[in-house]
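No gaps in the numbering here: position 137 of the sequence shown is 707 in the numbering used here, and each next residue is one more. Quick notes on the structure that follows.
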Amino acid sequence: HLIILENFPALTQNFLFEKNRCDDFLLFLNQAVFEKKNIYLYVCGEAVYEPQNFECIKRFQELLNAQVVCSVNGAFACVDLPNFYGHVGIGGHPDINHRWKNLGANDVLIILGADFGDYHFLSSMSEVSSAWILSNLYQAYGFINESYQHRFAHPLHLLKGPIHQTLSYLIQYPISKSTILAKGDFEKFKPQTVASEKVNLLEFYQKINKLWKKQTLCFEDVCTAYRDRQYVLPIPNKNVQFFSSQDGSAMGGALGIGVGAKLAAPQKHCFIFMGDGCSRLVFGALSELAHLGIVIFILNNQSFGIVDDVYQKIYSHIDHKKHHVKLAAVDFVGLAKACFWDAEKLKPDLSNLESLIDKAYSTKRSLLIEIPCESFQSLGFNPRKLILK
Numbered sequence: 571h572l573i574i575l576e577n578f579p580a581l582t583q584n585f586l587f588e589k590n591r592c593d594d595f596l597l598f599l600n601q602a603v604f605e606k607k608n609i610y611l612y613v614c615g616e617a618v619y620e621p622q623n624f625e626c627i628k629r630f631q632e633l634l635n636a637q638v639v640c641s642v643n644g645a646f647a648c649v650d651l652p653n654f655y656g657h658v659g660i661g662g663h664p665d666i667n668h669r670w671k672n673l674g675a676n677d678v679l680i681i682l683g684a685d686f687g688d689y690h691f692l693s694s695m696s697e698v699s700s701a702w703i704l705s706n707l708y709q710a711y712g713f714i715n716e717s718y719q720h721r722f723a724h725p726l727h728l729l730k731g732p733i734h735q736t737l738s739y740l741i742q743y744p745i746s747k748s749t750i751l752a753k754g755d756f757e758k759f760k761p762q763t764v765a766s767e768k769v770n771l772l773e774f775y776q777k778i779n780k781l782w783k784k785q786t787l788c789f790e791d792v793c794t795a796y797r798d799r800q801y802v803l804p805i806p807n808k809n810v811q812f813f814s815s816q817d818g819s820a821m822g823g824a825l826g827i828g829v830g831a832k833l834a835a836p837q838k839h840c841f842i843f844m845g846d847g848c849s850r851l852v853f854g855a856l857s858e859l860a861h862l863g864i865v866i867f868i869l870n871n872q873s874f875g876i877v878d879d880v881y882q883k884i885y886s887h888i889d890h891k892k893h894h895v896k897l898a899a900v901d902f903v904g905l906a907k908a909c910f911w912d913a914e915k916l917k918p919d920l921s922n923l924e925s926l927i928d929k930a931y932s933t934k935r936s937l938l939i940e941i942p943c944e945s946f947q948s949l950g951f952n953p954r955k956l957i958l959k
């Protein structure tokens, strides 16, 4: 079962789906297919809030034959979807991101939910010919006057109501199938070399993806993981649901979200990816969390790694020492044990990864796994390199 996010008065409202608007949308879709428009289905975080959305999304996509892209938080609703092109924005494949930021007069965007932060949705995309949002949100991130119209040059159409109710109505009626564009192969990574005492993160993400078990939730903090993991693994894994705290980039926020998830659904296995920089903001609470049975991966590169990566572009003319991104060493294993956690360090050759994951799934005590890594090993695309000058 998923964690059902409900009773959030600041985010959702029980709108009834709008039948007349849905009828207009059906007419529009069939006309768009007739005109040979490229139709993209953008699946966002709201799409995973309720499990009844999943089958409706799959049936709607199959009827329409749309090209599917997603945000990180919407990826779990895309498991096994045909025509899945991958993540957009941060960590997205270069070919997909190129298409994404160049949507124009011959493209139609159907948005399930509303992930419009600057990590996903660049202002240069405002020329898309037509956009429709299916959403039950009324106070979402980046709203102005309860709308995202300011992100579009042309009228933005909103179908209010729970996504599954709107889709359940739409899939009762014939929808013409669109023609899909060719999809390039997902990245074939070249071998990367890191220092012998460091973990190769490319190999780490590839290996751990084979070890996830059902009922797993993962939360990614503001660290290299939320840029790189989905780039290495563009196809969603049906055993694990990822959540990223990208909007607002609240450092340390993943720990609070992960703790809340574990308290709300104790039967879930909750993992948190966090950098050594973010940890400095929240690790004062470790002792209180020792009994929860959560697991933290600490990506320890002794720096604000994702910040360093951006600074090397926008401040390349300034001496690197003045970027102030280096951090003092911390014995994270010793720190965690002092707070009554179990703790171990991942070996650079990953030889103990499988045993650590087995322990993570069986332990009742919280577990910290330190991952010694290189700050320069930048795998995924970061759109803020484009918008920060």
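By construction, the Cβ of each residue, glycine as well, lies at the ideal position given by its N, Cα and C atoms. Here the structure is a predicted model, which means the values were calculated and not measured.
Roughly how many angstroms lie between the CA atoms of residue 920 and residue 943, to the nearest whole one?
So the two alpha carbons sit approximately 12 Å from each other.
Could I get the ranges of all uninterrupted beta strand (DSSP E) runs contained in the stretch 757–825, with 3 residues as the minimum, in chain order?
Taking only runs of at least 3 residues, the beta strand (DSSP E) segments lying wholly in the stretch 757–825 are 786–790 and 810–814.
Using CA coordinates, which residue listed in 946, 656 and 913 is at the minimum distance from residue 764?
The residue with the shortest Cα to Cα distance from residue 764 is 946.
So which of 856, 779 and 821 has the shortest CA-CA distance to residue 848?
Measuring from the Cα of residue 848, the nearest candidate turns out to be 821.
For residue 949 and residue 909, which I take to be in contact (beta-carbon distance under 8 Å), what is that distance rounded to the nearest angstrom?
About 31 Å separates the two Cβ atoms, so there is no contact after all.
Let's test the definition: count the other Cβ atoms within 10 Å of the Cβ of residue 597 and tell me whether it reaches 16, buried, or not, exposed.
When all chains shown are included, residue 597 counts as exposed.
With H, G and I counted as helix, E and B as strand and the rest as coil, what does DSSP make of residue 577?
In this prediction, residue 577 scores a pLDDT of 41, lower than 50, which makes its location untrustworthy; no coordinate-derived value is stated.
Classify residue 867: buried if its beta carbon has 16 or more other beta carbons within 10 angstroms, exposed otherwise.
So residue 867 ends up on the buried side.
I'd like the span of the alpha helix (DSSP H) that includes residue 942, first residue to last.
Per DSSP, residue 942 belongs to no alpha helix (DSSP H); it is in the beta strand (DSSP E), 937–942.
Go to residue 907, then tell me how far its beta strand (DSSP E) extends in each direction, as first and last residue.
It is not in any beta strand (DSSP E) - residue 907 instead sits in the alpha helix (DSSP H) that spans 902–908.
So what does DSSP say about residue 707, is it helix, strand or coil?
Reduced to three states, the DSSP call for residue 707 is strand.
Go ahead and label residue 885 buried or exposed: buried means 16 or more other beta carbons lie within 10 angstroms of its beta carbon, across all protein chains shown.
Exposed.
Work out the CA separation of residue 927 and residue 877 for me, nearest whole Å.
Rounded to the nearest angstrom, the two C-alpha atoms are 29 Å apart.
Can you list the alpha helix (DSSP H) stretches of 4 or more residues lying completely in the stretch 622–647, in chain order?
Entirely contained in the stretch 622–647, the alpha helix (DSSP H) runs reaching 4 residues are, in chain order, 622–634.
Return the residue from the list 668, 721, 802 and 854 that minimises the CA-CA distance to residue 762.
Nearest option by C-alpha distance: 802.
Put residue 953 into one of helix, strand or coil per three-state DSSP.
Three-state DSSP puts residue 953 in coil, outside helix and strand.
Can you list, in chain order, the residues of its chain whose CB lies under 6 Å from that of residue 697, leaving out five sequence neighbours each side?
Cβ neighbours of residue 697 beyond the five flanking positions: 674 and 723.
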